[in-house]
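Position in the sequence shown (from 1) plus 41 gives the number in the numbering used here. Ideal Cβ placement from N, Cα and C applies to all residues, glycine included. Note that the structure is predicted; figures quoted are calculated from it, not measured. As structure tokens, the structure follows; a few thoughts come after it.
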Amino acid sequence: MKLALYIIVMAGVTYLIRMIPFTFFNRKIKSQFFRSFLYYIPYAVLSAMTIPAIFYSTGSIMTAAVGTAAAAVLAYFDFPLILVALAAAAAAFLSGLFL
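Here's what the structure looks like:
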């Protein structure tokens with residue numbers, strides 16, 4: 042019974058979060074500042090959720106930093122995403138063996 046109540050409450054909250062902006066903003070937003078602010082929100086939220094997970098996933102800040110550095114370097118040079126992810130995992134694993 043509790044689980045059903047939790048699901049209903051979360052569905053309501055999710056619906057309200059998505060419905061309220063459509064209700065209050067019924068015309069196009071013309072402010073360039075506000076539009077650029079809204080454009081970067083998904084990236085900021087994704088970073089805020091991902092960065093802590095990266096640094097606490099291995100149990101060692103050093104191995105996580107090595108994996109992140111490897112991923113950043115390969116991503117900078119436009120390597121494919123699967124290669125970046127595999128190289129970051131391998132770098133974190135190998136640094137865990139030696140550090």
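Proximity test, Cβ basis, 8 Å: residue i and chain D
i, result
"valine 125", "No chain D appears in the structure shown, which is made up of a single protein chain."
Exposure label - residue i; buried when at least 16 CB within 10 Å
i, result
"serine 136", "buried"
"threonine 64", "exposed"
"threonine 104", "buried"
"valine 125", "buried"
Pairwise C-alpha distance: residue j and residue i
i, j, result
"alanine 113", "leucine 138", "21 Å"
"arginine 59", "alanine 85", "18 Å"
"leucine 79", "methionine 90", "18 Å"
"leucine 46", "alanine 94", "29 Å"
"phenylalanine 66", "alanine 116", "37 Å"
"glutamine 73", "serine 88", "23 Å"
"proline 83", "methionine 42", "34 Å"
"tyrosine 148", "leucine 44", "Absent from the model: residue 148. The displayed extent of the chain is 42 to 140, so no value can be given."
"proline 121", "serine 77", "28 Å"
Pick from the options that is closest to residue i, judged by C-alpha positions
i, options, result
"phenylalanine 134", "Thr99, Ile123, Pro121", "Thr99"
"alanine 140", "Ser101, Pro121, Ile123", "Note that residue 140 is leucine in the sequence shown here, rather than alanine. Comparing Cα-Cα distances from leucine 140 to each of Ser101, Pro121, Ile123, the minimum goes to Ser101."
Could you tell me which whole alpha helix (DSSP H) segments of length 4 or greater appear in the segment 42-121? 43-65, 73-98, 102-117
May I ask you to verify whether the segment 96-109 touches the segment 117-132, counting CB pairs closer than 8 Å and requiring at least 3? yes
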